[in-house]
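No gaps in the numbering here: position 133 of the sequence shown is 156 in the working numbering, and each next residue is one more. Every residue, glycine too, gets a C-beta built ideally from N, C-alpha and C. Before any comments, here is the structure.
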Amino acid sequence: MKRALPAVRLRVPTDEDAVAWHRAFADPDVMEFHGGRPAELSVYEELTARQRRHDAEHGFCLWTVLDERDQVIGFTGAQPWPRDWGPRGEIEIGWRLAREHWGKGYVTEAARETVRRLRAAGLPGVVAMVDADNERSIAVTRRLGMRLAEVFTTPQSQRQGHCYRLEL
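Take a look at the structure:
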């Protein structure tokens, strides 16, 4: 039996969301596959500003995820792949959620809404770059119908990663 997914709302990140993201992602478990330790507030200030630019330029970004009570619980969305290795020129879908909201379906529902928005925007497809040990994110890619396209080693950490693809 499938359980009902929780209601989520996505919005373009605000200046205030930088503080909320910083607080939500301060847990080492959340950052395990993103450098291992919490980032400074300035990182999220720059990230939310960049996402507002992406939304203005492309019509999509990493949106802030709000729960049923309109509380900021993380982000999901898409942005052009930012590195000079990997799927250059492609659009990456991604997500990050505060630890206390894991396992409740929020990321799956938010990522599905992201896919609907990207499909409506006319994108031909997306990739998801996921650490090979990140079983939770790999499960989300499967729920979205993504397929493993490539296995790679990240240049900085030398960790194994997976590139998943979804045709829209």
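With a beta-carbon spacing of about 18 angstroms, Asp-52 and Val-95 fall beyond the 8 angstroms limit used to define contacts. Of the candidates Arg-73, Ala-143, Pro-105 and Leu-189, the residue whose Cα lies closest to the Cα of Met-169 is Leu-189. Per DSSP, Val-31 is not a residue of any beta strand (DSSP E), being assigned neither H nor E.
Restricted to the stretch 77-132, not a single alpha helix (DSSP H) segment is unbroken, complete and at least 4 residues in length.
Pairing Pro-110 with Trp-118 gives a Cβ-Cβ distance that is not under 7 angstroms. Only residues of its own chain outside the window of five on either side were considered, and among them Val-35 and Cys-84 have a CB closer than 6 angstroms to the CB of Asp-78, listed in chain order. If you ignore the 5 residues before and after Thr-99, its C-beta comes within less than 6 angstroms of the C-beta of Val-88, Trp-118, Ala-133, Ala-134 and Thr-137, all in its own chain and listed in chain order. Taking a 10 Å sphere around the C-beta of Val-163, we find 16 or more other C-beta atoms and assign the residue as buried.
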